[in-house]
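A.B. asks: Under the UniProt record's numbering, the first residue of the sequence shown is numbered 1, with each subsequent residue one higher.
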Amino acid sequence: MERIVNYLKATLETGLEYIKKRRWYFISAAVVILLLPAFFRDPALPVETSTVKRGIYEQIIEEEGITQVKENFTLYSPVNGILRRIERHAGDPVKKGDVVALIDWDYARKVTAPITGTILRIHRESAGPVAMGSPLMDIGDTSQLEIIAEVLTQEAVAVRPGNAVTIEGWGGTPVAGTVRTVEPAAFKKISSLGVEEQRVRVIVDFTPPEGMGEGFRVYLRIIAFQKPDSVLVPSAAIFRDGEDWVLFRVDGGKARRTPVIVEHRSGTVVSVKEGVKEGDVVILYPGELIRDGVRVD
């Protein structure tokens, strides 16, 4: 029995001595075994992400517009005669009844301003023969401006009188306006790309700031619809999968395919009814390599 015990003790001491001499080999082998899964798993795909937010959803229609006076009066020659040189100029103020032009016929015919306002443009300034009905000048009240925008029919169906409008791009600070009228009849227009479009005239009321006149090009943001306390997701995160709307959430470093119910859509933002919540991280512009369960970074 004593011989067996001594043999086991000697064997154990020999084994421990062997391990002490070669302990770094064992440590290295253990580290390699632990790191093997990291070497063989798929690398994380780089993605662009955004965070789901909660806020006011706005369906905004963006379009260019042109300012014009609400009432533009064009003065015409009332007779055939000789027009005396018009001494007035565009931008001159006039009062109702002021004589703005003289035409010699059997006697000097006076052409008077029909309203108090500003001369917008002179059609004929030089003296000389003039035919009856020839335009002489335009007069309007530049303190009473409106904006005409030609909106695509598929967008105009969402626009209603009273919708709020933000007026930008005229050279000054943004100005607030309101939709007054959406005309009932559309018209055909060829775009700059040669595409045939159906458009509708939308008329916007606003208080013109100092420096803005008739014929100014402006940029309109028409707020056609608003809903507070909405779950907002970037449009770039959502795509069609058959009949469903789908996005990819980032959960634990992996992409998770998530069906969602879309409530409203605009150009850059989507209002989601179900599927995601505030604070969720979603993948923007998911490509073909992004699948459910794929590691992402």
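Yeah, the Cβ is synthetic: ideal placement off N, Cα and C, and Gly gets one too.
#1: Would you kindly report the start and end of the unbroken beta strand (DSSP E) that includes T51?
#2: Under the rule that 16 or more other beta-carbon atoms within 10 Å means buried, what is M137, buried or exposed?
#3: Taking the straight line between their C-alpha atoms, what separation do you get for R295 and Y57?
#4: For a test of the three-state rule: what should DSSP assign to Q154, helix, strand or coil?
#5: Taking V111 as the reference, which of F187, H89 and L83 has the closest Cα?
#6: At 3 residues or longer, what runs of the beta strand (DSSP E) sit wholly inside the UniProt domain "YknX-like C-terminal permuted SH3-like" (232–296)?
#7: With DSSP run on the structure shown, which of helix, strand or coil describes Q144?
#8: Of all the options D141, I148 and R88, which has the alpha carbon lying nearest to the alpha carbon of S126?
#9: So what does N72 bridge to, in DSSP terms?
#10: Please name the residue in L232, K70 and V52 whose C-alpha comes closest to that of residue 298.
#11: What does the Cβ neighbour count give for Q59, buried or exposed, with the cut at 16 atoms within 10 Å?
#12: Helix, strand or coil for K95? Go by DSSP, reduced to three states.
#13: Give me, in chain order, the residues of the same chain whose beta-carbon lies closer than 6 Å to that of V32; leave out the 5 immediate sequence neighbours on both sides.
#14: Can you check whether the CB of P259 is closer than 7 Å to the CB of G242?
#15: Note the first and the last residue of the continuous beta strand (DSSP E) segment covering D205.
#16: Taking only three categories from DSSP, how would you classify Y57?
#17: Compute the Euclidean distance between the alpha carbons of Y107 and I139, then round it to the nearest angstrom.
C.D. replies: Result, derived from the coordinates:
#1: Translated into the one-based positions of the sequence shown, residue 51 becomes position 51. Segment E48 to T51, the beta strand (DSSP E) holding T51.
#2: For this step, residue 137 is matched to residue 137 along the sequence shown. Flag for M137 reads buried.
#3: Looking up residue 295 in the sequence shown gives position 295. Looking up residue 57 in the sequence shown gives position 57. Near 32 Å, if we compare the C-alpha coordinates of Y57 and R295.
#4: Looking up residue 154 in the sequence shown gives position 154. Three-state result, Q154: helix.
#5: Counting from 1 along the sequence shown, the entry for residue 111 is found at position 111. Of F187, H89 and L83, the residue nearest in Cα terms is L83.
#6: 239–241, 244–251, 254–265, 269–274 and 281–284
#7: Against the sequence shown, residue 144 aligns to sequence position 144. If DSSP states are grouped into helix, strand and coil, Q144 belongs with coil.
#8: Residue numbering aside, residue 126 sits at position 126 when the sequence shown is read from its first letter. The shortest C-alpha separation from S126 is found at R88.
#9: Residue 72 sits at position 72 when you count from the first residue of the sequence shown. Answer by DSSP bridge pairing, in chain order: G140.
#10: There is no way to answer for residue 298, as the model of the chain reaches only from 1 to 297.
#11: Counted from its first residue, the sequence shown places residue 59 at position 59. Burial call: buried.
#12: The residue you call residue 95 lines up with position 95 of the sequence shown. Coil, per DSSP.
#13: Taking the first residue of the sequence shown as 1, we reach residue 32 at position 32. Bear in mind that the predicted position of V32 carries a pLDDT of just 45, short of 50, making it unreliable; the figure below should be weighed with that in mind. Answer for V32: no residue qualifies.
#14: Counting from one through the sequence shown, the residue named residue 242 turns up at place 242. Counting from one through the sequence shown, the residue named residue 259 turns up at place 259. Against a cut-off of 7 Å, the Cβ pair of P259 and G242 comes out as no contact.
#15: Numbered from its first residue, the sequence shown carries residue 205 at position 205. Taken as a continuous stretch (DSSP letters only), the beta strand (DSSP E) holding D205 covers E196 to F206.
#16: Position 57 of the sequence shown holds residue 57. Correct three-state label for Y57: strand.
#17: Here residue 107 corresponds to residue number 107 of the sequence shown, with the count starting at 1. Here residue 139 corresponds to residue number 139 of the sequence shown, with the count starting at 1. Spanning the two alpha carbons is a distance of roughly 25 Å.
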